[in-house]
Amino acid sequence: MSVQSTSHPCGFDRSQPAIGSASWLAAVLLAAAPVVRAAALLPAAAVAGDSPRGTPSAEIFRRPDAIERPAIDGRLDEALWAQATRLTDFRQSEPQAGAPVSESTELLLAYDARSLFLGIRCGDRDPAGIRATQMKRDADLDPDDRVEFWFDTFCDRRNAYWFQIGAGGSKGDALIARNGSDFNKQWDAIWHGRSRLTPDGWEAEVEIPLQSIAFDPMTTRFGFNAVRHLRRKNEQAVWASPDPRLMFFAMVNGGTLTGIHDLEQSLGLDVVPFAVFDRVRQRAASRDYSHGDAGFDLFWRMTPNLKLSGTFNTDFAETEVDEREVNLTRFPLFFPEKRDFFLEDSGNFAFGGGNRRGQSPDVLPFFSRRIGIDDTGAEVPIDAALKLAGRTDSYSLGLMQVRTADHHDLDAQDLFVGRFSKNLFEQSDAGVIFTAGDPDGSGRADTSGGDFNYRTDDFLGDQSLRFSAWLLATGHEGAGGDGVAGRVACALPNDEYDVGASYTLIEEGFDPQLGFVRRTAVKRYGANLMWQPRPVGSAVRQWFIGVKPLLFTDLGNRTETAEVEYSLLAFELQSGDEFALEATTSYENLDESFDIVDGITIPADGYRFARLAAEVDTSDGRPLQAFASCSTGGFFDGQSYEVGGGLVARPSRWWNAGIEWERTDANLDAGSFVARVSRLRVNVQFSPDVAWSNFIQHDNLSDDLGLNSRLWWIFEPGREAFLVLNQGWLYTSDRLAPTDTTLSFKLGWTLRW
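For the sequence shown, the positions run 507 to 1259 when the working numbering is used.
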């Protein structure tokens, strides 16, 4: 067993400055520009432009010069809102699909040559019941009343810009790609939004500068949809396609805004210079030092369809740390990417049919966390990186070249990834991917492959069907690293039933140096069969009953892992409270022994065991949310008991706090152990533009206590400062000794043309 994660952002040790430059990289990516420029002239996909399946459309009001632009202050009292397009026909997707929204809802839309404007009026006959606890930028708004909306600016019915604003003032955004299969919430755009509570409900104003999004200046229509969440009622009301089996994030189910013309693209150039100052104390090495540096990011929309992004002398001081996790397996854990540069346009590099929410992947041909982080979790400085990302209504392209600096015994490395895909039919696509380079510097390495992903919501008339297939090959200088992996999967992910099956083959030599693979030399068979009825007139909103078998064999078909998970009794109440009771039967056939913790070894052998687990989670719409889980049963050659839980308090929009803990007690033939992980979050929200977040973690295996404290001040969208403290302590039963301390200040300022 191990606990993975550190007290620095993404596991970084920021004691080494980035050096040098790699301006020559521009030639590599700029050479591809003519290819995408030509692709932009090809015919549109068959579905582009039209409102699908009879979904609604509306002509959006264009602001005349005689009407002033609104001041974005949350008050809908300007002349523009009196003439703006009104959308009022919102229908429930939950709890009563197709029923009118229970409280009056009005969305006001307008635009001019430079911006999109939205006004939001959410009436509420019980304004005291409105949940408005979040002000921080990009906060989790699930506990709050909120409105979400997206714009499909190329009307290709696959990709969109998503935004949300809550009653408490928090706002967030994301990039949606591949008809909802890829949702990148780490993306941040420059836009303006304010909300306020009123005696009759709550209101909001939004302005989205067209310079912040991509679009075709010759377009006449955008794809669009919006949803209102009434948190205390656990109600969702949608403008287009209020069907619970259809994802709100699927562009193909959205409506259409017409009447768009004469949009201004501007030069499309953003330059973001930044400066960073660090003060570091390393007590074990008796070393104190200060370090200052500067760099810049560049974003240039070369054409409406093509954007060049660059980062030079890159710094990730503001990135939040990873959560520590206890690893009870012999396989690596998967941690998500959190760095802004790699998240920007990440949907252009997405491969395969995607993974179910909450599940980590078995194979990724490209995983950006392999860049700029070594095997110990320390930062490898990045001299420069350039990325070219483009979309038309038929094609998607992503190219990225990265130059990492010399780092300890590792020489500078050049790393490359390229991805091209073509849209097919109404929602489907096919493409290829190629990566080159080894971040460990052990020689030439490459990965190449292709994928096909079929999606439809019209199977057998009104059912959703997903099919995907991909094939990858890797090559590497020296011993090993040459191998093939492939996967075929089919699913019917519908609301009342969710059925699927998959087969994956991973050869022993398969080793994507710029990707991720959990285990090799295996065949994987997976399936799920879930029944999810929604009873009428019941306190239960939806039941979840089913079975999920999983089998791993070696390449000779000998069983390595066999597991069957039974959902015995699981449901969600109308209140949003959830309960689940599950049983699992497992078989593990170990060819080699492994150390689960220091001093305790699981011998090579075959093990059969069964476990029972229960989980309860109260609605996050309450001021105090509680969740707890426990499992007990066999564990290899012994027994284990696992318990976890937590509390989250959201008393007001000014602050919130949460605590959670996990404990594993194991009694094995080789010995017993206890593993504990605790996390505490305290967030203070001074305004929608100033927030102070604190994250403390501890585990008893390393006896390390870590604090990540971040003060974030947004002077105005695109211009912000961070003050970040990372502090570690060695914690034992009788003393708390400080270890490393890093205090960082970072200032970034966007200049737009």
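Each residue gets a CB set at the ideal place from its N, CA and C atoms; glycine is no exception.
What's the gap between the Cα of residue i and the Cα of residue j?
i, j, result
"Met1265", "Ser934", "No statement about residue 1265 is possible, as the shown extent of the chain runs from 507 to 1259 and does not include it."
"Pro1109", "Glu932", "52 angstroms"
"Asp968", "Lys739", "28 angstroms"
"Val832", "Trp806", "42 angstroms"
"Leu1211", "Thr1247", "12 angstroms"
"Ala732", "Trp656", "7 angstroms"
"Asp449", "Lys642", "As shown, the chain starts at 507 and ends at 1259. That puts residue 449 outside it, with no answer to give."
"Ala1089", "Ala1116", "7 angstroms"
"Phe873", "Phe958", "19 angstroms"
"Asn1000", "Leu1229", "46 angstroms"
"Val1103", "Ser1178", "10 angstroms"
"Pro838", "Arg1024", "6 angstroms"
"Leu1226", "Leu681", "Contrary to the premise, residue 1226 reads as Glu rather than Leu in this sequence. Distance between the alpha carbons of Glu1226 and Leu681 is about 21 angstroms."
"Ser954", "Phe922", "12 angstroms"
"Ala551", "Gln717", "Confidence is the limiting factor: at Ala551 the pLDDT is only 36, short of 50, which leaves the residue's position unreliable, though a coordinate-based value still follows. Taking the straight line from one Cα to the other gives about 25 angstroms."
"Phe940", "Arg845", "22 angstroms"
"Arg684", "Thr1107", "45 angstroms"
"Ala577", "Asp803", "30 angstroms"
"Phe857", "Arg734", "31 angstroms"
"Ser563", "Gln692", "30 angstroms"
"Asp821", "Asp694", "17 angstroms"
"Gly765", "Thr591", "11 angstroms"
"Phe783", "Ser796", "7 angstroms"
Which one of the options has the shortest CA to CA distance from residue i?
i, options, result
"Ala1181", "Arg909, Leu834, Gly987", "Leu834"
"Val1028", "Gly1043, Glu1148, Tyr1009, Val1042", "Tyr1009"
"Val758", "Gly729, Asn929, Pro750", "Gly729"
"Ala746", "Phe596, Glu885, Gln640, Asp868", "Phe596"
"Gly896", "Phe926, Ala918, Gly1127, Ser874", "Phe926"
"Asn929", "Val923, Gly937, Phe922", "Gly937"
"Gly1139", "Val1149, Leu1130, Gly955", "Val1149"
"Arg789", "Leu1096, Phe754, Thr1245", "Thr1245"
"His698", "Glu1014, Phe689, Ile714", "Ile714"
"Val1190", "Leu1213, Thr561, Thr639, Asp618", "Thr639"
"Val1070", "Tyr795, Gln1080, Tyr901, Tyr1093", "Tyr1093"
"Tyr585", "Ala616, Gly604, Trp1219, Pro779", "Before going on, a small fix: residue 585 reads as Ala here, not Tyr. Of Ala616, Gly604, Trp1219, Pro779, the residue nearest in Cα terms is Ala616."
"Ala1086", "Phe1058, Thr1107, Ser1073, Thr809", "Ser1073"
"Asp607", "Ala1172, Arg737, Lys813, Asn685", "This sequence places Val at residue 607; Asp is not what is there. Selected option, being the one with the closest Cα: Arg737."
"Ala942", "Leu903, Asp1017, Ala995", "Asp1017"
"Arg1187", "Gly1152, Asp688, Asp1175", "Gly1152"
"Gly981", "Asp912, Ser970, Gly1021, Asp964", "Gly1021"
"Leu622", "Met753, Ile566, Ala605", "Ile566"
"Ser1281", "Asp988, Ala951, Glu1002", "Here the chain has residues from 507 to 1259 only, and residue 1281 is not among them."
From which residue to which residue does the beta strand (DSSP E) around residue i run?
i, result
"Gln670", "666 to 672"
"Asp846", "Counting along the chain, Asp846 falls outside any beta strand (DSSP E), though it belongs to the alpha helix (DSSP H) covering 846 to 849."
"Ala891", "888 to 897"
"Cys661", "First-last for Cys661: undefined, no H or E at that position."
"Pro1055", "1046 to 1060"
"Thr1107", "1106 to 1108"
"Glu1066", "1065 to 1079"
"His698", "698 to 704"
"Arg1025", "Per DSSP, Arg1025 belongs to no beta strand (DSSP E) and is neither H nor E."
"Leu916", "No beta strand (DSSP E) holds Leu916; DSSP gives it neither H nor E."
"Arg1114", "1112 to 1123"
"Asp794", "793 to 809"
"Asp1004", "1003 to 1012"
"Arg961", "951 to 965"
"Ala997", "989 to 999"
For the alpha helix (DSSP H) that residue i lies in, which residues bound it at each end?
i, result
"Gln589", "585 to 589"
Might you give, ordered along the chain, the residues of its own chain that have their beta carbon closer than 8 angstroms to the beta carbon of residue i, omitting 5 neighbours on each side?
i, result
"Gly707", "Glu609, Ser610, Arg627, Cys628, Gly629, Asp630, Pro633, Ile636"
"Gly992", "Ala975, Trp976, Leu977, Leu978, Thr1010, Leu1011"
Please work out which residues of its chain come closer than 6 angstroms, Cβ to Cβ, to residue i, disregarding the five sequence neighbours upstream and downstream, and give them in chain order.
i, result
"Leu1249", "Arg785, Leu1231"
"Val1154", "Gln1131, Gly1164"
"Gly672", "Gln640, Leu647, Asp650, Arg652"
"Gly1006", "Ala997, Asn1034"
"Leu1242", "Trp1235"
Enumerate in chain order the residues of its own chain whose CB-to-CB distance from residue i is below 7 angstroms, with the five nearest sequence positions on each side excluded.
i, result
"Ala544", "Residue placement at Ala544 is poorly supported in this model, since its pLDDT is 38, which falls under 50; the coordinates still yield a value, given next. There are no such residues."
"Leu1253", "Phe780, Ala781, Ala1227"
"Asp1111", "Leu1096"
Secondary structure, beta strand (DSSP E): runs of 3+ residues fully inside the segment 726 to 778
727 to 736, 741 to 744, 761 to 764
Just to confirm the assignment: which complete beta strand (DSSP E) runs, minimum length 3, are found wholly within the segment 595 to 663?
597 to 600, 611 to 617, 621 to 629, 652 to 658
Give, in chain order, every unbroken run of the beta strand (DSSP E) that is at least 3 residues long and sits entirely within the segment 1193 to 1233.
Counting only runs of 3 or more, we get 1196 to 1205, 1210 to 1222.
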